[in-house]
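These notes concern the structure reproduced below.
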Amino acid sequence: MKRLENLLYSASGSEVKVDGFKQSLRRSLLNSHPFRDFDRIGYRRAFFLSTSVAAVLTVILVLFIYQPMIPERVRYAFLSHPDSNLQHQDYSNFTPGDGILSGAGVGVQDSSKTDRKDTFEHMQTMLARNIDKEFVRYLAEREYKTSPVNVKPVIPGELYSVNRFRLNNGKDALVYTQVPIKQVGFRESY
Amino acid sequence: MEDRRRVSPKMAMKEEKTLIVMSKKDPAAFGRIYDMYFDMIFRFVLHRVGNVADAEDLTAQTFFNALKNLWKFRWTGISITAWLYRIAANEVNGFFRWQKKKSFADIEKLSNRLPDKKNRPDHELETAEETLAQQRTFLVLNRCIKELKLEEQSLITLRYFEKKPYAEIAKILGKKEGTLRMRAKRALEKLKNQLQIQGIDYETIGKSSV
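Residue numbers (the working numbering), protein chains in the order written: chain A, 1 to 190; chain B, 1001 to 1210.
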């Protein structure tokens, strides 16, 4: 067996030279392939980029699960502008009875737009109540032009002011405050 | 027996790694890899097929495949030579399987690539084949080696013609060293039987080789 091994070691076709073929193949190889940028992004960069995006999306998802009001807050922030009816206002400058809020346009219920059906759905302010009162007066005076009338509810019901507050936890609180009729000074109307 | 032309360890591996990274984008870098390993791969393929024309085709196929799949190659501390050898071995094995499917008549036509000396355009090919034809011992052994299984052919070629250590062959063929030693022993037994079947006395043909 050793002799066979030695024979194999010594037998070889290594003396064959093909330099011409070697050079022509080299040319073909280097010319044929465009050598485009295989790793345009780089496989590592692509991996880390996709992993980062997945991680960020997972964090956002978890955040939404634990803090469900965040999307609502973001939406509210985007919707908060002077023309919005959902604007949350600061009432610190309001003086009861003024009828006019500083920074006009806040929660102003134009008498022409007052909807009796949506009373408890609208943001009610002292001004809104006064406007409603004026509106009723207007209706009353339309029918009885000759004499001034005092406006008061015919049926002794209850008056509420509705205020909407934004809490720190992102939730909204509607506060219904009963307005005692005696304080307003209503009298019977005819 | 070690291949004296094999590059030396750590620095060469570092350089090779750099070269591979560059070769994915730079043609010149790939050209260097080609220059470094062409002779090695061509020699291996020639030892397997025993025919210069087929060896040229298969070597070209090997390097084109290597270039096409170079983007997939990831450095794991193993030299690119093992990867190239593996591609070459697969190409040769595929070639032999394809040959088996053809009829004998077809094989005769295919092997007779240069029927008329006057019409041969490639002088270099002609010269190379004439040189190879003079190495009778090798051609006899090659004919008998082709009767072995494909994996055994690769093993014998790498071990005895390419003079690779078993450790390197293990990386090329993806087998354990111990397994390869055992298989080499069995392959030699089979080769010995083949030589006897063909009436060749290997103790004498070595003496009569050119």
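The beta-carbon is built from N, C-alpha and C at its ideal position, and this holds for glycine as well.
Since this is a predicted model, take the numbers as computed values, not measurements.
In terms of alpha-carbon separation, which member of the options lies closest to residue i?
{"i": "Phe-1064 (chain B)", "options": "B:Lys-1100, B:Ile-1087, B:Leu-1139, B:Gly-1050", "result": "B:Ile-1087"}
{"i": "Ala-1089 (chain B)", "options": "B:Ala-1187, B:Ile-1169, B:Leu-1191, B:Ile-1197", "result": "B:Ile-1169"}
{"i": "Leu-25 (chain A)", "options": "B:Lys-1025, B:Ala-1029, B:Gln-1134, B:Tyr-1034", "result": "B:Tyr-1034"}
{"i": "Ile-1080 (chain B)", "options": "B:Leu-1173, B:Gln-1134, B:Lys-1146, B:Lys-1017", "result": "B:Lys-1017"}
{"i": "Glu-1152 (chain B)", "options": "B:Lys-1190, B:Arg-1074, B:Glu-1056, B:Glu-1203", "result": "B:Lys-1190"}
{"i": "Leu-1132 (chain B)", "options": "B:Ile-1156, B:His-1123, B:Trp-1071, B:Val-1052", "result": "B:Val-1052"}
{"i": "Lys-22 (chain A)", "options": "B:Leu-1084, B:Ala-1029, B:Met-1040, B:Leu-1070", "result": "B:Met-1040"}
{"i": "Ala-11 (chain A)", "options": "B:Leu-1070, B:Met-1182, B:Leu-1046, B:Glu-1091", "result": "B:Leu-1046"}
{"i": "Leu-8 (chain A)", "options": "B:Ile-1172, B:Met-1013, B:Ala-1082, B:Arg-1048", "result": "B:Arg-1048"}
{"i": "Thr-1076 (chain B)", "options": "B:Ile-1020, B:Gln-1135, B:Glu-1056, B:Asp-1122", "result": "B:Ile-1020"}
{"i": "Asp-1257 (chain B)", "options": "B:Tyr-1166, B:Thr-1137, B:Leu-1150, B:Lys-1163", "result": "The structure shown does not extend to residue 1257 (chain B), since chain B is modelled only from 1001 through 1210, so no value can be given for it."}
{"i": "Phe-165 (chain A)", "options": "A:Leu-49, A:Pro-68, A:Leu-174", "result": "A:Leu-174"}
Could you confirm whether any beta carbon from chain A is found closer than 7 Å to the beta carbon of residue i?
{"i": "Lys-1146 (chain B)", "result": "no"}
{"i": "Glu-1124 (chain B)", "result": "yes"}
{"i": "Phe-1073 (chain B)", "result": "no"}
{"i": "Pro-1165 (chain B)", "result": "no"}
{"i": "Ala-1184 (chain B)", "result": "no"}
{"i": "Lys-1190 (chain B)", "result": "no"}
{"i": "Leu-1058 (chain B)", "result": "no"}
{"i": "Glu-1016 (chain B)", "result": "no"}
{"i": "Phe-1138 (chain B)", "result": "yes"}
{"i": "Leu-1141 (chain B)", "result": "yes"}
{"i": "Leu-1067 (chain B)", "result": "yes"}
{"i": "Gln-1194 (chain B)", "result": "no"}
Measure from the C-beta of residue i to each C-beta in chain B and report whether the shortest distance is under 7 Å.
{"i": "Glu-72 (chain A)", "result": "no"}
{"i": "Phe-47 (chain A)", "result": "no"}
{"i": "Ser-84 (chain A)", "result": "Because Ser-84 (chain A) carries a pLDDT of 47, less than 50, the predicted location of this residue cannot be relied on, and the following value inherits that uncertainty. Not closer than 7 Å to any Cβ of chain B, the Cβ of Ser-84 (chain A) fails to qualify, so no."}
{"i": "Phe-38 (chain A)", "result": "Legend: pLDDT at Phe-38 (chain A) = 49, less than 50; position of this residue unreliable, no value from coordinates given."}
{"i": "Gln-87 (chain A)", "result": "Note that Gln-87 (chain A) scores a pLDDT of 44, beneath 50, so its modelled location is shaky; the value from the coordinates is reported in the next line. Chain B contact via Cβ: absent."}
{"i": "Met-1 (chain A)", "result": "yes"}
{"i": "Lys-22 (chain A)", "result": "yes"}
{"i": "Leu-25 (chain A)", "result": "yes"}
Have a look at the DSSP bridge pairing and note the partners of residue i.
{"i": "Phe-165 (chain A)", "result": "A:Ala-173"}
{"i": "Leu-1191 (chain B)", "result": "Per DSSP, none; premise fails for Leu-1191 (chain B)."}
{"i": "Val-1049 (chain B)", "result": "Paired residue(s): none; Val-1049 (chain B) is not in a bridge."}
{"i": "Gln-1135 (chain B)", "result": "DSSP lists no partner for Gln-1135 (chain B)."}
{"i": "Tyr-160 (chain A)", "result": "A:Gln-178"}
Starting from residue i, trace the alpha helix (DSSP H) both ways and give me its first and last residue.
{"i": "Ala-1089 (chain B)", "result": "1080-1101"}
{"i": "Asn-1069 (chain B)", "result": "Neither: Asn-1069 (chain B) is in no alpha helix (DSSP H) and is coded neither H nor E."}
{"i": "Lys-2 (chain A)", "result": "2-10"}
{"i": "Glu-1162 (chain B)", "result": "Note, Glu-1162 (chain B): premise wrong, no alpha helix (DSSP H); not H, not E."}
{"i": "Lys-191 (chain A)", "result": "Shown here, chain A extends from 1 to 190; a query on residue 191 (chain A) therefore has no answer."}
{"i": "Arg-1074 (chain B)", "result": "Counting along the chain, Arg-1074 (chain B) falls outside any alpha helix (DSSP H), and DSSP gives it neither H nor E."}
{"i": "Thr-1157 (chain B)", "result": "From DSSP, Thr-1157 (chain B) is part of no alpha helix (DSSP H); its letter is neither H nor E."}
{"i": "Val-56 (chain A)", "result": "43-66"}
Under 9 Å between beta-carbons, which chain C residues line up against residue i? List them in chain order, please.
{"i": "Lys-17 (chain A)", "result": "Of the chains in the structure shown, none is chain C; the protein chains are A and B."}
Below 8 Å, how does it come out for the stretch 1134-1149 of chain B and the stretch 1066-1073 of chain B: are there three or more Cβ pairs, yes or no?
no
Whether or not the stretch 1123-1142 of chain B and the stretch 1177-1189 of chain B are in contact is what I'm after, with contact meaning three or more pairs of Cβ atoms, one per stretch, closer than 8 Å; do they touch?
no
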